[in-house]
Amino acid sequence: MNLPSDHSPRTDADLSSASASPADTKSPSSSPDSPSTGGRFLPLLRAANAYTGTASVVATLSSSPHPEGPRAHPSYAKCPRKKMSKMATRYAALDANPETEESTRVQHSKLTQPHDGRESICSDHHEDESTHSTTEEEVRVVKRRKRGYRKATHAIRKEEIERLRVELAELQDQMAELQRRAFAPSRDDQKAEERQLYTNVLHNAVKQHQEAFVEIQSAMTGYAACNIQAGSPIQRTIILGKDEASRRHTLHAMKALKLQDARDFLSRRLSHLNPLKSMSEDYRFENDNGDYWAVRFATSQFERAQNVKQVFDLVVYYLCNIEISVSEKIGHLTVREDDDSGEGGITQNRLTSMTGKGLHMESNTVVFSEYFSAGPEDHDGYGLIVAEFVDEDERHPYRPKERIRKDVNTVMEVRSYTCENEKVVVLTRWSHSRLRYPNFHVRKDGWYELRENMDRWSQNMHETIMESLDPSTGCSPTWRL
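Take a look at the structure:
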């Protein structure tokens, strides 16, 4: 606190000169409140004396005149020093044990209680300074107590490195153990592990072959579609005139060729198959022109058949009267337009059908059939049936503006095979059909119906044969699995 110059504390020289001039003590300025005598600031000077440890100011002030007479206080010079020493001791104890802070404050307040007016002022001043210093010490103590120990960055990194080294050593031990088990298996588990290893090797090899075959099959699918559109491998062009003689001559000359084509085709197609196992294979697709193609290959066994000739005759009879079966089994009203009375083994089927959706379909097919008797080495003969569509017929021309055209190529073989010392008659059939997209507008549902039923005639043939072999069944044919 900055005081005015007339109220500033006097020095020891000023106080000595004041005590040497008695006249000045009686002057108005020598009143108890006058600054010359230091009456008002006497306690402050004493406190400053006690704080700095000098006793000259206190002694001078004690011998200076006073309105009530000179008073000597020999204990004032020593009292502040004792208090300061006690305070220092108390603060040291407070630093050692912060819990005694409150009790120390109580004792400090008791020690600093004034005995008279002057001492009260001095004690208050010392108490203010002590309180201020004590507060600063408390703040420092609290800050030190709240501030925890913080590790250095290099120490933290060093600990982390040490921990990672330990973890690395553990992982290396585990890896060494796994390697030991992998390369040096125990004798008890060696056979099991070898079997598992062989299984994995075989599985991987099979998987690689399957993946390669899938790629080949994908390529073959496109190739098969192109091959099917190219036509049947047994297809030959058939053109019939109007007169009966030319027609018979053309068909008679073609019969031997068609049967030989069928024999060669089936020998290649069955070279890697077991005819005693039932199987079927279908392939259907639609080309860019909208035509629908269907290829079917299947084998079926007739255990109740007596011989090959019996099944062969049933197949030929069904093909010669196919319009009746189609009308009954499929529900398409089918009519034969030709009145074929040709020679044996050659039959022409000129058929027209009307579906349930009102669509008209036509087909013109020639059936070649022949039964080959058993030779000296064969226990039984076999039969061949070949069906080929007519390309052009002057007597029965196609009507593309009114009817949907269907072309069919079929090869069938009836042969017996031995299974467990028992003869089994097997029917092998392959068909190649094409449903030409019409030039006129048709209903979509009617077109889809024709596509789905274009191979139904072969299924109906099986049912008819089974009913003929065993009339009591009256159900679909039995397939040997």
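Basically my numbering = 1-based index in the sequence shown + 7. Quick reminder that beta carbons are idealized off the backbone N, C-alpha and C, glycines included.
Q: Would you check if there are 3 or more beta carbon pairs closer than 8 Å linking the segment 257–269 to the segment 388–405?
A: As far as the Cβ criterion goes, the segment 257–269 touches the segment 388–405, which means the pair count is three or higher.
Q) Distance, Cα to Cα, ILE556 vs VAL323? A) Past the edges of the chain, shown from 8 to 488, lies residue 556, and the structure says nothing about it.
(Q) For TYR405, which residues in the same chain have their Cβ closer than 8 Å to its Cβ, ignoring the five residues on either side in sequence? (A) Contacts found: GLU369, ASN371 and ARG412.
Q. Since TYR325 and THR471 are thought to touch, with beta carbons under 8 Å apart, how far apart are those beta carbons, to the nearest angstrom?
A. Here TYR325 really is in contact with THR471; their C-beta atoms are around 5 Å apart, less than 8 Å.
Q) Buried or exposed: where does ALA312 fall if 16 or more other Cβ atoms within 10 Å of its Cβ makes it buried? A) Result: buried.
Q) Are the Cβ atoms of HIS439 and ASN416 separated by less than 7 Å? A) Taking 7 Å as the cut-off, the Cβ atoms of HIS439 and ASN416 count as close.
Q.
Could you compute how far the alpha carbon of SER475 sits from the alpha carbon of TYR424?
A. Answer to the nearest angstrom: the Cα atoms are 21 Å apart.
(Q) Beta-carbon within less than 7 Å of PHE272's beta-carbon, same chain only, minus the 5 sequence neighbours each way: which residues are those? (A) Excluding residues within five positions, the ones whose Cβ falls inside 7 Å are PRO240, ILE241 and VAL418.
Q) The alpha helix (DSSP H) spanning GLU470 covers which residue range? A) That run of the alpha helix (DSSP H) goes 463–476.
Q: On a CA-only basis, which of ARG441, SER307, ALA269 and GLU184 is nearest ARG291? Give me that one, please.
A: With distances taken between Cα atoms, ARG291 lies closest to ARG441.
Q) What are the partner residues of THR341, as DSSP defines its beta bridges? A) Paired residues: SER360.
**Q.** C-beta contact flag for GLN355 and VAL333 at 7 Å
**A.** Contact: no.
Q. Which term fits ARG436, buried or exposed, when burial requires 16 or more other beta carbons within 10 angstroms of its beta carbon?
A. So ARG436 ends up on the buried side.
Q: Quick one: measure Cβ to Cβ for VAL421 and GLN308, integer angstroms, because I've assumed they're closer than 8 Å.
A: Contact doesn't hold; Cβ gap of about 11 Å is too wide.
Q.
My assumption, with CB atoms under 8 Å, is that GLY365 sits in contact with GLY238. Please give the rounded CB distance.
A. 31 Å between Cβ atoms; not a contact.
Q.
Which same chain residues end up closer than 6 Å to LYS430 when comparing Cβ atoms and leaving out the 5 residues on each side of it in sequence?
A. Taken in chain order, the residues that qualify are SER423.
Q: Below 8 Å CB to CB, which residues in the same chain sit around ILE235 once its five sequence neighbours on both sides are set aside?
A: Excluding residues within five positions, the ones whose Cβ falls inside 8 Å are TYR290, PHE292, TRP300, VAL302 and HIS439.
Q.
What does the alpha-carbon distance come out to for the pair GLU427 and PRO282?
A. If you take the alpha carbons of GLU427 and PRO282, they lie about 14 Å apart.
Q. Under a Cβ-count criterion, where at least 16 other Cβ atoms within 10 Å of its own Cβ denotes burial, should MET468 be classed as buried or exposed?
A. Buried: at least 16 other Cβ atoms inside 10 Å.
Q | Cα-Cα separation, HIS115 to THR160 | A | Because HIS115 sits at a pLDDT of 47, beneath the cut-off of 50, its placement in the model cannot be relied upon, and the following sentence gives the value as read from the coordinates. The straight-line gap from Cα to Cα measures roughly 45 Å.
**Q.** For ASN328, the three-state DSSP class (helix, strand or coil)
**A.** Here ASN328 carries a coil assignment [DSSP, helix/strand/coil].
**Q.** Beta-carbon spacing of GLU350, LYS249 below 7 Å
**A.** Not closer than 7 Å, so no.
Q.
Considering only their Cβ atoms, is the gap separating ASP295 from ARG443 smaller than 7 Å?
A. With contacts defined by Cβ atoms closer than 7 Å, ARG443 and ASP295 do not form a contacting pair.
**Q.** N- and C-terminal bounds of the beta strand (DSSP E) containing ILE394
**A.** The question names Ile, but residue 394 in the sequence shown is Ala. That run of the beta strand (DSSP E) goes 389–396.
(Q) Measuring only the C-alpha atoms, how far is GLU310 from VAL318? (A) Taking the straight line from one Cα to the other gives about 11 Å.
Q: Between the Cα of THR257 and those of GLN224, PHE375, PRO445 and ILE331, spot the shortest distance and give me the residue it belongs to.
A: Looking at the Cα atoms, PHE375 is the closest of the given residues.
Q) Expressed to the nearest angstrom, what Euclidean distance is found between the alpha-carbon atoms of LYS489 and ALA189? A) The structure shown does not extend to residue 489, since the chain is modelled only from 8 to 488, so the question has no answer here.
Q.
If you follow the alpha helix (DSSP H) that ASP414 is in, where does it begin and where does it stop?
A. It is not in any alpha helix (DSSP H) - ASP414 instead sits in the beta strand (DSSP E) that spans 411–425.
**Q.** Coarse secondary structure for GLU350, derived from DSSP in three states
**A.** Under the three-state reduction of DSSP output, GLU350 falls in the coil class, being neither helix nor strand.
Q.
Whole angstroms are fine: how far does the CA of ALA232 sit from the CA of ALA260?
A. Distance between the alpha carbons of ALA260 and ALA232: 31 Å.
Q: May I ask you to report which of helix, strand or coil DSSP gives ASP268?
A: Shown here, ASP268 sits in a helix according to DSSP, grouped into three states.
Q: Tell me, to the nearest whole angstrom, how far the beta carbon of GLU456 is from that of THR362; I am working on the premise that it is less than 8 Å.
A: Correct: roughly 6 Å between the Cβ atoms.
Q | Segment limits, alpha helix (DSSP H) that includes TYR455 | A | In the DSSP assignment, TYR455 falls within the alpha helix (DSSP H) that extends over 451–459.
(Q) Measuring alpha carbon to alpha carbon, tell me which residue in MET473, TRP464, PRO407 and GLU330 is nearest VAL449. (A) Considering only alpha carbons, the answer is PRO407.
Q: Use the C-beta contact count for ALA269: other C-beta atoms within 10 angstroms, 16 or more gives buried, fewer gives exposed.
A: Taking a 10 Å sphere around the C-beta of ALA269, we find 16 or more other C-beta atoms and assign the residue as buried.
Q) In whole angstroms, what separates the C-alpha of GLY338 from that of ALA219? A) When rounded, the distance between both Cα atoms is 45 Å.
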